[in-house]
Amino acid sequence: MEKITSHHSGMHCASCTTTITETSKQQVNIETLSARRRLILSWLFTLPIMLWMLLNMLFNTTWPTHFSYKLGMIILAIPVILIAGYPTLKSALRSVLHLSANMDVLIALGALIAYLTSIASLFTPMANYAGIAAMIMAFNLTGKYIEEKAQGRTSQALEKLLALGAKTARILVDHQEKEVELNQVKIGDIMLIRPGEKIPTDGVIVQGKSSIDESLATGESMPITKTIDDKVIGATINQQGLLQVKATKIGQGTFLSQVIKMVEECQSTKVPIQAFADKVTNYFVPAVLIIAALTLLGWLLFPKPLHQMLVYAETWMPWVNPQLSYISLAIVATVAVLVIACPCALGLATPTALMVGTGIGAENGILIRSGSAIQTIKEIHTVVFDKTGTLTTGKLEVTDVINVANHETTEILRLAASTEIGSEHPLGKAIVRAAQNKNITLTPPQQFTAIISKGVKASIDNKEILIGNKKLDPQLNTNVMQQIQRLEDEAKTVILVIAEKQTIGVIGLADTVKKEAKETIAQLSNMGIQTVMLTGDNEQTAQAIAKQAGINKVLAELLPAQKVTAIQKLQKNEGLIAMVGDGINDAPALTQADVGIAIGTGTDIAIEASDITLVRGDLLAVVTAIQLSRA
Numbered sequence: 096m097e098k099i100t101s102h103h104s105g106m107h108c109a110s111c112t113t114t115i116t117e118t119s120k121q122q123v124n125i126e127t128l129s130a131r132r133r134l135i136l137s138w139l140f141t142l143p144i145m146l147w148m149l150l151n152m153l154f155n156t157t158w159p160t161h162f163s164y165k166l167g168m169i170i171l172a173i174p175v176i177l178i179a180g181y182p183t184l185k186s187a188l189r190s191v192l193h194l195s196a197n198m199d200v201l202i203a204l205g206a207l208i209a210y211l212t213s214i215a216s217l218f219t220p221m222a223n224y225a226g227i228a229a230m231i232m233a234f235n236l237t238g239k240y241i242e243e244k245a246q247g248r249t250s251q252a253l254e255k256l257l258a259l260g261a262k263t264a265r266i267l268v269d270h271q272e273k274e275v276e277l278n279q280v281k282i283g284d285i286m287l288i289r290p291g292e293k294i295p296t297d298g299v300i301v302q303g304k305s306s307i308d309e310s311l312a313t314g315e316s317m318p319i320t321k322t323i324d325d326k327v328i329g330a331t332i333n334q335q336g337l338l339q340v341k342a343t344k345i346g347q348g349t350f351l352s353q354v355i356k357m358v359e360e361c362q363s364t365k366v367p368i369q370a371f372a373d374k375v376t377n378y379f380v381p382a383v384l385i386i387a388a389l390t391l392l393g394w395l396l397f398p399k400p401l402h403q404m405l406v407y408a409e410t411w412m413p414w415v416n417p418q419l420s421y422i423s424l425a426i427v428a429t430v431a432v433l434v435i436a437c438p439c440a441l442g443l444a445t446p447t448a449l450m451v452g453t454g455i456g457a458e459n460g461i462l463i464r465s466g467s468a469i470q471t472i473k474e475i476h477t478v479v480f481d482k483t484g485t486l487t488t489g490k491l492e493v494t495d496v497i498n499v500a501n502h503e504t505t506e507i508l509r510l511a512a513s514t515e516i517g518s519e520h521p522l523g524k525a526i527v528r529a530a531q532n533k534n535i536t537l538t539p540p541q542q543f544t545a546i547i548s549k550g551v552k553a554s555i556d557n558k559e560i561l562i563g564n565k566k567l568d569p570q571l572n573t574n575v576m577q578q579i580q581r582l583e584d585e586a587k588t589v590i591l592v593i594a595e596k597q598t599i600g601v602i603g604l605a606d607t608v609k610k611e612a613k614e615t616i617a618q619l620s621n622m623g624i625q626t627v628m629l630t631g632d633n634e635q636t637a638q639a640i641a642k643q644a645g646i647n648k649v650l651a652e653l654l655p656a657q658k659v660t661a662i663q664k665l666q667k668n669e670g671l672i673a674m675v676g677d678g679i680n681d682a683p684a685l686t687q688a689d690v691g692i693a694i695g696t697g698t699d700i701a702i703e704a705s706d707i708t709l710v711r712g713d714l715l716a717v718v719t720a721i722q723l724s725r726a
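Numbering (the working numbering), first residue to last: 96 to 726.
Here it is in structure tokens:
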């Protein structure tokens, strides 16, 4: 077999998305590193400023002299405001030039006017605000660093998504098999996929028949039987037969690339609460500037009445200094308005509250990864749940073993499990696990044969045993059909056990609902929170699981893009949305939701795309997280 490698291509290729996302990741890393450096620099000078101010306040003096104290504050504040705070000043200037408003404008104005006033205080009897200016900037830079770290988490999620794809592909050229890098695959190439291998890119089967694990797309653990003319998805796993697949999509057109794109777009799109905050800022900043301007104008036009008020206030506010000149008092009052309006108090209060909240959360198996999440989740109106692995255990279990021909249920399970020894199929594994849990002794199968689309056949104790679906026995009697119908109505998978050409038993399997699911839904309902289930599974199974969990609203058979659309509609109609999920296919929806909550027992990709992780996978922790945010 020949292996071809290439480092460039003149057309759209299967690795283009990798290159784009790697560039994005590097950019995020650079910005995070830059934010950290600015943070360290700011606090390196702000901490001595705070200590110096504290000592002078405690001893009611300006050590060593009044002038040297003012000058020292001004010098120490230079690196904080002009160097570490340069991006904030630049952002504020850009905002002003574009006639828009953001918090950077308020922070920059407050810090600069306080700093310039401090310089003026060297020559006039004015208060020194240099230390305050430095603290405003330092707290602001702390918040910006936290934001950059949050963006870095998304980069990690995208990196894990990229790792899911195949790195190479085997293509047929002139009836010869050649291994090529993924970026060499072109539309129309015939790819050869062996059992256990990942399908390199989206395509359509032109030869062969197999079971495909499409959990990446649907989130469901059951493999899907595919044959000629059926579409397959890149990065999904071929479980059984040898396939020849014609590539139909490459590069950014593939399913995996679209999932990556959705995660990126959802992360960059402002959720409703962010849009509301921006709207408030657009009014808040100009309002503060108007109040500051009116304060300055008031002092310039009516200095004597305002001065008299200060003299009166000095009796119960000893820090007020009415001895300053009218001009000095006007500037001090204006600076005070800007400084008080700056969100520096939040810079202290929010990290403190977050630290306490995350500590309590961690004790309860809840990892809160962003400050905005703990603020947003308390206002949540609707919690959306994925099905498989979230509301359910994510593992198929034997729920029923039914005797239909005078055989002991233990014997039926023994024959079925013996036939499935060594099986890689989820159904086979579940049957073997059920027998082992009951301490049933199994017999190794002889003459094992797979029957594509139907089941398996083997010899057990010199008896021909067939295990599989209804297609194995087209002449089932009424009694057996009634049993099968009952199980199917409960959204269970039905397996027939046939011995010596006679159906002797029916086995029902299902992904069972977690024991705490119903209580979780009930508690959320008592809190006035609506619950919805989104799933890629079929409508019948989804409705059965929802009924057991106590959920009334169900949206089934959804692909990742459709889940994102569903979340967006809920956000528009219902308000703030929390999404709870565990699978790769949940990552875009988790990112789109106002708060993404990942099950800790799920995939790394879902966890990286979320704001909150439930470490133990306990659904009741969703209730605890909301209660914690409201405490």
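Quick reminder that beta carbons are idealized off the backbone N, C-alpha and C, glycines included.
Sorted by chain position, which residues of the same chain lie with C-beta nearer than 7 Å to Val568's C-beta, five sequence neighbours on each side aside? By one-based count along the sequence shown, residue 568 stands at place 473. Per the sequence shown, the amino acid found at residue 568 is Asp instead of Val. Same-chain partners within the cutoff: Leu591, Ile593 and Thr598.
Closest by C-alpha distance to Leu384, when choosing among Leu146, Ile202 and Val717: For this step, residue 384 is matched to residue 289 along the sequence shown. Among Leu146, Ile202 and Val717, the Cα nearest to that of Leu384 belongs to Ile202.
Is there contact between the stretch 268–287 and the stretch 340–349, where contact requires at least three CB pairs shorter than 8 Å? yes
Taking three-plus beta-carbon pairs below 8 Å as touching, is the stretch 188–201 in contact with the stretch 416–429? no
So what's Ile355 in DSSP terms, helix, strand or just coil? On the sequence shown, residue 355 is found 260 positions in, with the first residue counted as 1. DSSP places Ile355 in helix when its eight states are reduced to three.
Looking at Met152 and Gly226, is the spacing between their C-beta atoms short of 8 Å? As a working mapping, residue 226 is identified with position 131 in the sequence shown. As a working mapping, residue 152 is identified with position 57 in the sequence shown. Cβ distance not < 8 Å, so Gly226 and Met152 don't count as in contact.
Beta-ladder partner(s) of Asn333, from DSSP: Residue 333 sits at position 238 when you count from the first residue of the sequence shown. According to DSSP, which records beta bridges pairwise, Asn333 is partnered with Ile307.
Member of Ile426, Trp411, Val406 and Val380 whose CA lies at the smallest distance from the CA of Leu392: By 1-based counting over the sequence shown, the position of residue 392 is 297. Of the candidates Ile426, Trp411, Val406 and Val380, the one whose C-alpha sits nearest the C-alpha of Leu392 is Ile426.
What residue does the beta strand (DSSP E) around Val499 start on, and which one ends it? Taking the first residue of the sequence shown as position 1, residue 499 is located at position 404. Run containing Val499: none; DSSP gives neither H nor E here.
Looking at the secondary structure, which residues open and close the alpha helix (DSSP H) in which Ile507 lies? Position 412 of the sequence shown, counted from the start, is the residue given in the question as residue 507. Its alpha helix (DSSP H) spans residues Thr504 to Thr514.
Would you call the stretch 533–548 and the stretch 502–511 in contact, with 3 or more CB pairs under 8 Å? yes
Using the Cβ count rule (16 or more neighbours within 10 Å means buried), how would you classify Gly484? Numbered from 1 along the sequence shown, position 389 holds the residue referred to as residue 484. When all chains shown are included, Gly484 counts as buried.
Could you pull out every residue in the same chain whose Cβ sits closer than 6 Å to the Cβ of Leu715, ignoring the five residues on either side in sequence? If you number the sequence shown from 1, residue 715 lands on position 620. Excluding sequence neighbours, Leu715 sits near Glu611 and Thr615.
Decide if Thr331 is buried, meaning its Cβ has at least 16 other Cβ atoms within 10 Å, or exposed. To locate residue 331, count along the sequence shown from 1; it is residue 236. Result: buried.
Count Cβ pairs between the stretch 202–216 and the stretch 163–176 that sit closer than 8 Å; are there 3 or more? yes
For Val710, the three-state DSSP class (helix, strand or coil): To locate residue 710, count along the sequence shown from 1; it is residue 615. Val710 falls in the coil class under three-state DSSP.
Confirm, please, whether the CB-CB distance from Gly631 to Leu654 is below 8 Å. Taking the first residue of the sequence shown as position 1, residue 654 is located at position 559. Taking the first residue of the sequence shown as position 1, residue 631 is located at position 536. Against a cut-off of 8 Å, the Cβ pair of Gly631 and Leu654 comes out as a contact.
Please state whether DSSP places Thr719 in a helix, a strand or coil. As a working note, residue 719 is residue 624 in the sequence shown. Residue state, collapsed to three classes: helix.
Given Gly442, which residues of its chain have a CB within under 7 Å of its CB, disregarding the five upstream and five downstream residues? For the purposes of this step, residue 442 is taken as the residue at position 347 of the sequence shown. In this predicted model, Gly442 has a pLDDT of only 47, less than 50, meaning its place in the structure is not dependable; the value taken from the coordinates is given anyway. Correct list, in chain order: Phe234, Asn235, Thr237 and Gly238.
Assign Asp199 to one of three DSSP states: helix, strand, or coil. For the purposes of this step, residue 199 is taken as the residue at position 104 of the sequence shown. DSSP places Asp199 in helix when its eight states are reduced to three.
Residues that DSSP places opposite Ser554 in a beta bridge: Along the sequence shown, read from residue 1 onward, the residue named residue 554 stands at position 459. In the DSSP output, where bridge partners are listed per residue, Ser554 has Gln541 and Glu559.
Starting from Arg265, follow the beta strand (DSSP E) in both directions and report where the run begins and ends. On the sequence shown, position 170 is the one that residue 265 refers to. Unbroken beta strand (DSSP E) run through Arg265: Thr263 to Val268.
Using only the alpha-carbon positions, how far apart do Ser423 and Thr219 sit? Taking the sequence shown and counting its residues from 1, one reaches residue 423 at position 328. Taking the sequence shown and counting its residues from 1, one reaches residue 219 at position 124. Going from the Cα of Ser423 to the Cα of Thr219 covers about 8 Å.
Between which two residues does the alpha helix (DSSP H) harbouring Glu583 extend? Within the sequence shown, numbered from 1, the residue matching residue 583 stands at position 488. That run of the alpha helix (DSSP H) goes Thr573 to Asp584.
Between which two residues does the beta strand (DSSP E) carrying Gly676 extend? Your numbering for residue 676 matches position 581 in the sequence shown. Segment Ile672 to Gly676, the beta strand (DSSP E) holding Gly676.
Tell me which residues share the same chain as Leu650 and place their Cβ nearer than 6 Å to its Cβ, disregarding the 5 neighbours each side in the sequence. Taking the first residue of the sequence shown as position 1, residue 650 is located at position 555. Only Leu629 and Ala661 meet the Cβ criterion.
By the three-class DSSP mapping on this structure, what secondary structure does Ile602 have? As a first step, residue 602 must be located in the sequence shown, where it is residue number 507. Residue state, collapsed to three classes: strand.
Name the two residues that bound the continuous beta strand (DSSP E) containing Lys664. By one-based count along the sequence shown, residue 664 stands at place 569. First-last for Lys664: Pro655 to Glu669, but that is the alpha helix (DSSP H), not the beta strand (DSSP E).
From the DSSP secondary-structure annotation, give me the bridge partner or partners of Thr588. Indexing the sequence shown from 1 puts residue 588 at position 493. DSSP output for Thr588 lists Leu604 as bridge partner(s).
Report buried or exposed for Arg509, applying the criterion of at least 16 other Cβ atoms within 10 angstroms of its Cβ. Position 414 of the sequence shown, counted from the first residue, corresponds to residue 509. When all chains shown are included, Arg509 counts as buried.
With a 10 Å radius around its C-beta and 16 neighbouring C-beta atoms as the bar for buried, classify Glu652 as buried or exposed. Here residue 652 refers to the residue found at position 557 of the sequence shown. Flag for Glu652 reads exposed.
Check whether the stretch 566–583 and the stretch 542–552 touch, using three or more Cβ-Cβ pairs below 8 Å as the test. yes
Please list the terminal residues of the continuous alpha helix (DSSP H) segment that includes Ile170. The residue given as residue 170 occupies position 75 in the sequence shown. Segment His161 to Ile173, the alpha helix (DSSP H) holding Ile170.
If you follow the beta strand (DSSP E) that Met628 is part of, which residue opens it and which one closes it? Indexing the sequence shown from 1 puts residue 628 at position 533. Gln625 to Leu629 is the extent of the beta strand (DSSP E) around Met628.
With 16 other Cβ atoms within 10 Å as the buried cut-off, status of Met198: Taking the sequence shown and counting its residues from 1, one reaches residue 198 at position 103. Its Cβ being crowded by 16 or more others within 10 Å, Met198 is buried.
Can you tell me where the alpha helix (DSSP H) holding Lys185 begins and where it ends? On the sequence shown, position 90 is the one that residue 185 refers to. First-last of the alpha helix (DSSP H) with Lys185: Tyr181 to Leu192.
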